[in-house]
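Below: the structure, in structure tokens.
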Amino acid sequence: MANSTIIPNLLEHVRQAQTAGDWEPFRPGVTAHWFYRDPDGGPAAVLLKYEPGARVALHEHVGYEHMLVLEGDQYDEHGAYPSGSFIVHPRGTRHSPGSKEGCVALLIYEKAVRFVEE
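First residue of the sequence shown: 0, per numbering that gives the first Met the number 0; consecutive thereafter.
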């Protein structure tokens with residue numbers, strides 16, 4: 000039986016993770032701090048840190064994705080999302096998220112996205 004992941008103070012965890020250096024490259028200008036992930040593209044939970052001006056290529060969601068902007072700002076073709084914004088991307092939605100000033104967002108998804116363009 001697997002153990003539960005418990006993070007008693009998510010914002011403090013984000014602050015500590017940013018100085019701990021356990022982030023890995025995700026896309027140009029975007030790094031990832033994984034809580035868990037299925038190696039076959041299944042469920043995952045990750046913190047994504049966008050450097051100022053970074054943008055992720057257009058992609059389609061093949062399962063639900065829940066995103067919470069924890070710090071900074073994020074935007075896409077559908078709007079602008081300041082810190083505290085919670086967005087649910089259902090299956091079939093497409094976007095190319097970016098950040099003008101930089102941000103950290105928590106993403107929890109059931110399936111990895113399909114990139115439409117790189």
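Heads up, the beta-carbon is just placed ideally off N, CA and C, and yes, glycines get one too.
One alpha carbon belongs to residue 16, the other to residue 61, and they sit about 29 Å apart. The criterion of a C-beta distance shorter than 8 Å is not satisfied by residue 64 and residue 32. Inclusion of residue 57 and residue 115 in the CB contact set at 8 Å is warranted, their separation being smaller than that value. For residue 10, the enclosing alpha helix (DSSP H) begins and ends at 9-19.
Within its own chain, the residues whose Cβ lies closer than 8 Å to the Cβ of residue 36, once the five positions on either side in sequence are excluded, are 42, 43, 44, 45, listed in chain order. Linking residue 40 to residue 111 through their CA atoms gives a straight-line distance of about 5 Å.
In terms of CA proximity to residue 101, 79 leads the group 79, 107, 94, 6. In the three-state reduction of the DSSP assignment, residue 5 falls in the coil class.
Residue range 29-36 is occupied by the beta strand (DSSP E) that includes residue 30.
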